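Novice: So the sequence shown is residues 16 to 94, counted in our numbering. Ideal Cβ placement from N, Cα and C applies to all residues, glycine included. Only a predicted model underlies this, so the values are computations on that prediction, with no experimental measurement involved. Quick one: structure below, then a few questions.
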Amino acid sequence: ELNKQARKTGLKTVRPRWQRRMMLTPCIVSTFHSLPSHMTYQSHVGNNEFETDYLLNEIDLLIVDEAGQVAPEVAAASF
16 ELNKQARKTG
26 LKTVRPRWQR
36 RMMLTPCIVS
46 TFHSLPSHMT
56 YQSHVGNNEF
66 ETDYLLNEID
76 LLIVDEAGQV
86 APEVAAASF
């Protein structure tokens, strides 16, 4: 059952998953390049077509690894 839930990528599944994570560990350590791939969900747009969208306002505290090594235009998109 847990593996079945882990494969689901819709907003109704992904948002509660992140909320549980933030209750357990309210700090995320990530690079700016990997953050967008972790904070996405899929929404159905019709005829087996899905659109990727980004979760907003889900992380309580974000610590960025290698922040001084990234271009400003890459970093700004995470905020």
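Got a sec, what are the start and stop residues for the alpha helix (DSSP H) S49 sits in?
Specialist: As a position in the sequence shown, residue 49 is number 34, starting the count at 1. Annotation for S49: no alpha helix (DSSP H) segment contains it, and DSSP assigns it neither H nor E.
Novice: Just reading off the alpha helix (DSSP H) that L26 is part of, what are its end residues?
Specialist: For the purposes of this step, residue 26 is taken as residue 11 along the sequence shown, with counting starting at 1. From DSSP, the alpha helix (DSSP H) with L26 extends over 26-39.
Novice: With 16 other CB atoms within 10 Å as the buried threshold, where does L71 fall?
Specialist: Working through the sequence shown from its first residue, we reach residue 71 at position 56. With fewer than 16 other Cβ atoms within 10 Å, it is exposed.
Novice: Can you tell me whether M38 is buried or exposed, with buried defined as 16 or more other CB within 10 angstroms of its CB?
Specialist: Within the sequence shown, the letter at position 23 stands for residue 38. Flag for M38 reads exposed.
Novice: For Q84, write down the residues that DSSP places opposite it in a beta bridge.
Specialist: Working through the sequence shown from its first residue, we reach residue 84 at position 69. None, per the DSSP bridge assignment.
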